[in-house]
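First residue of the sequence shown? That's 14 in this note's numbering, and the numbers climb one at a time after it. Think of the CB as a built atom: it goes at the ideal place given N, C-alpha and C, for glycine as much as any other residue. For reference, the structure discussed in these notes is given below.
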Amino acid sequence: MAKIEAIIDYIIKHDNYIVTCHESPDGDALAAEYALARGLQIYGKNVRIINSDATPGKYDFLDSWNMIVQYQSSDDLPEELDKWTLIIVDTELSNIGSIKEIIPPRAVQTLIIDHHNFGDETAPYTYLNPDAGSSSEIIYTILEKLGVEITLDIGIAIYTGIVYDTGFFAYPKTNAYEFHIAENLVNIGVDPSKIYSLLAESKSIESIILQTLVHQNMKLHYDQRVAVQYMSRKTLLDSGAKYEESQEIVNFPLQSQKVRASVFFKEDTTGLLRCSIRSKGEVNCAEVARSFNGGGHKTAAGFKCYEPFEDIKPKVLDMLGSYFT
């Protein structure tokens, strides 16, 4: 695994970069890739952002320079792709979606910058910092070491990524350095109140209907310490909400004093089933997710399901039971 200095040295010596993040991108992934891309652009590099999946509408405010492109065809790729380096942020190679088979095999090199623990830590240009509360925190450090000016748009992105992945500075991995970064960003004009409103007070009516429908099927296990919710394709369509608007539903049961872990199985409009897991710390969510070829943090993780909900739910519950029995 590379040190951050090796990543910075590589960036200095090369000129062409494609930046991407994980499929179903969230606030930290989008913020981190945008901040890095804009920073490298200011540093004098040629940069593209190409993602497999579309950006959820609530995060459109991050991309003030319209840099983020969803891959549709080879027309979205730069010429002479073999002269471009791919930088993956907030995830590993296996989780970047459809572009995995298109860009990495042809790119001159792949760099990974992340704050999750995962299996491929031996890749030559992989920098992982699991102590960081967000990938955006790491990007701030890289740009600072490069001497890049943190412009207001970059600051908005980094602040957004930090508060998204730390639950507005409430989750266990929140650290003092992130408060220091936040102070610096507020000093250059970032408005915490506005970002809070954009992230937490901008839900569509359809998404609220979806939350209501899903919460109605919540089941409790292990003396009410584990909550399980399920969103079927039909529920999603009936609500009129977009799939990405279901991201935060998994967190709702943790508002209970008694619930220690929350599991959310969600099916998209194509029938693909995913599982999100959250905990208050007693359950190692990443450990559970890795058992199903997923990953994440101790308190937040997930995986794709390759079995029907009825078959995989008991297996997940059995693993969670080891923490409560």
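Candidates the options, of which the one nearest residue i by Cα
i, options, result
"glutamate 157", "Glu18, Ile101 and Cys34", "Glu18"
"serine 77", "Asp95, Leu90 and Tyr47", "Tyr47"
"glycine 202", "Ala44, Ile171 and Leu286", "Ile171"
"lysine 113", "Thr282, Leu250, Val121 and Ser65", "Ser65"
"alanine 314", "Glu261, Leu223 and Ala67", "Glu261"
"phenylalanine 305", "Leu330, Lys293 and Gly284", "Leu330"
"glycine 160", "Glu320, Ser87, Ala299 and Ile25", "Ile25"
"methionine 332", "Gln224, Tyr72, Val276 and Tyr184", "Val276"
"serine 37", "Phe316, Tyr336, Asn79 and Phe322", "Phe316"
"glycine 307", "His129, Ser87 and Asp89", "His129"
"asparagine 297", "Tyr336, Leu286, His228 and Leu285", "Tyr336"
"histidine 35", "Tyr72, Asp127 and Met80", "Asp127"
"alanine 42", "Glu162, Val199, Lys58 and Ile81", "Ile81"
"asparagine 197", "Thr154, Ile109 and Gly40", "Thr154"
"tyrosine 30", "Ala44, Gly57, Asp39 and Gly40", "Gly57"
N- and C-terminal bounds of the alpha helix (DSSP H) containing residue i
i, result
"cysteine 298", "298 to 303"
"leucine 226", "218 to 228"
"threonine 173", "165 to 179"
"leucine 106", "Taken as a continuous stretch (DSSP letters only), leucine 106 belongs to no alpha helix (DSSP H), as it is neither H nor E."
"isoleucine 152", "148 to 159"
"valine 329", "322 to 337"
"aspartate 41", "40 to 55"
"glutamate 18", "17 to 26"
"isoleucine 194", "189 to 200"
CB contact check: residue i to chain C, cutoff 8 Å
i, result
"alanine 44", "Any reference to chain C falls outside this structure, which holds one protein chain only."
Opening and closing residue of the beta strand (DSSP E) in which residue i lies
i, result
"asparagine 306", "Counting along the chain, asparagine 306 falls outside any beta strand (DSSP E), and DSSP gives it neither H nor E."
"arginine 61", "59 to 64"
"proline 31", "For the sequence presented, residue 31 should be read as isoleucine rather than proline. Element bounds for isoleucine 31: 29 to 33."
"isoleucine 100", "98 to 102"
"glutamine 83", "81 to 83"
"lysine 232", "232 to 234"
"leucine 94", "Run containing leucine 94: none; DSSP gives neither H nor E here."
Strand pairing of residue i, partner residues [DSSP]
i, result
"asparagine 130", "Gly309"
"lysine 279", "Met244 and Arg287"
"glutamine 122", "Thr98"
"leucine 141", "Asp127"
"lysine 317", "Arg287"
"serine 210", "Answer is none; serine 210 lacks a bridge partner."
"valine 239", "His234 and Ala274"
"serine 292", "Ala274"
8 Å contact criterion, which residue i and residue j should meet: CB distance rounded
i, j, result
"threonine 338", "tyrosine 243", "At roughly 23 Å, the Cβ-Cβ gap does not stay under 8 Å, so threonine 338 and tyrosine 243 are not in contact."
"valine 301", "isoleucine 290", "6 Å"
"lysine 232", "leucine 267", "Wrong, their Cβ atoms sit about 15 Å apart, outside the cutoff."
"cysteine 318", "phenylalanine 265", "Actually they are not in contact, since the Cβ atoms of cysteine 318 and phenylalanine 265 sit about 20 Å apart, beyond 8 Å."
"arginine 346", "threonine 282", "Missing from the structure shown is residue 346; the chain here goes from 14 to 338 and no further."
"threonine 349", "alanine 15", "In the structure as shown, the chain begins at 14 and stops at 338. Residue 349 is therefore absent and cannot be evaluated."
"isoleucine 55", "valine 32", "With 8 Å as the limit, isoleucine 55 and valine 32 do not qualify as a contact, their Cβ atoms being about 14 Å apart."
Practice item. Take every Cβ of the segment 83 to 103, pair it with every Cβ of the segment 117 to 129, and state whether three or more of those distances are shorter than 8 Å. Key: Yes, the segment 83 to 103 touches the segment 117 to 129.
Review point. So, do the segment 219 to 228 and the segment 246 to 257 have three or more beta carbon pairs nearer to each other than 8 Å?
Key: The segment 219 to 228 vs the segment 246 to 257: in contact.
Review point. Touching or not, the segment 142 to 153 and the segment 173 to 182, by the rule of three or more beta carbon pairs under 8 Å?
Key: Note that the segment 142 to 153 touches the segment 173 to 182; at least 3 beta-carbon pairs, one per stretch, sit closer than 8 Å.
Review point. Within the chosen definition, does the segment 161 to 171 reach the segment 198 to 215 through at least 3 CB pairs nearer than 8 Å?
Key: Judged by Cβ distances under 8 Å, the segment 161 to 171 makes contact with the segment 198 to 215, as three or more pairs qualify.
Review point. Can at least three beta-carbon pairs, one atom from the segment 59 to 74 and one from the segment 184 to 193, be found at a separation below 8 Å?
Key: Taking 8 Å as the limit for Cβ pairs, the verdict is that the segment 184 to 193 does not touch the segment 59 to 74.
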